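Letter by letter, the sequence shown follows residues 0 to 130 in numbering that gives the first Met the number 0. Let me begin by presenting the structure, written as structure tokens, before commenting on it.
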Amino acid sequence: MDKPVILFDGVCNLCSGSVQFILKRDKEKRFLFASLQSNYGQELLKKLGLPTDTFNSFLLYSDGKVLTRSTAALKMFQQLKGWKWVKVFWIVPKFIRDAVYNLVAKNRYSWFGKKNECWLPTAELKARFLD
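Dropping the structure here:
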């Protein structure tokens, strides 16, 4: 696959909102998407030796490598037009970035809510989602 894939928790309101945020700003259509609960997400997690029942990290899969948490988010933002300024956050040590990320991830359902089912893209956006 030649495009990076963003994997996200499909029932998390924050995660689904983040995907919609990215879709609106990814004018070059650089990214593909898959929920961690999808067939694609589950197979990739197995292939990478990652848990298939824990959905607390945003993953960026590109060039056979997987990035997680704050590193994945920063790499993704660097590829969006107008968001290259986020590279300033690379000066923050990874253990601090990930601690903040983990705090939000741990509380995302109570702070932002949770759906009973994964968010479904419109017919126009469906081609950018892997199942």
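For every residue, glycine included, the Cβ atom is placed at its ideal position computed from N, Cα and C. Here the structure is a predicted model, which means the values were calculated and not measured.
Bridge partners - residue i, DSSP secondary structure assignment
i, result
"Lys113", "Cys11"
"Leu66", "Leu59"
"Phe128", "Phe32"
Assigned secondary structure, residue i (DSSP; H/G/I helix, E/B strand, else coil)
i, result
"Val99", "helix"
"Val4", "strand"
"Trp89", "helix"
"Trp84", "helix"
"Lys26", "coil"
"Phe54", "coil"
"Ala122", "coil"
Span of the beta strand (DSSP E) around residue i
i, result
"Leu31", "Leu31 to Ser34"
Start-to-end residues for the alpha helix (DSSP H) that takes in residue i
i, result
"Gln78", "Where Gln78 is concerned, there is no enclosing alpha helix (DSSP H), given that its DSSP letter is neither H nor E."
"Glu42", "Asn38 to Leu47"
Distance between beta carbons of residue j and residue i, contact taken as under 8 Å
i, j, result
"Ser69", "Lys46", "So it is not a contact: roughly 23 Å between Cβ atoms."
"Leu6", "Tyr60", "6 Å"
Looking at C-beta atoms only, is the number of pairs between the stretch 85 to 98 and the stretch 27 to 47 that lie closer than 8 Å three or more? no
Mind the definition here: the stretch 10 to 27 touches the stretch 99 to 115 only if three or more C-beta pairs lie below 8 Å; say whether that holds. yes
Determine contact between the stretch 18 to 37 and the stretch 72 to 83, defined as no fewer than three beta-carbon pairs at a distance below 8 Å. yes
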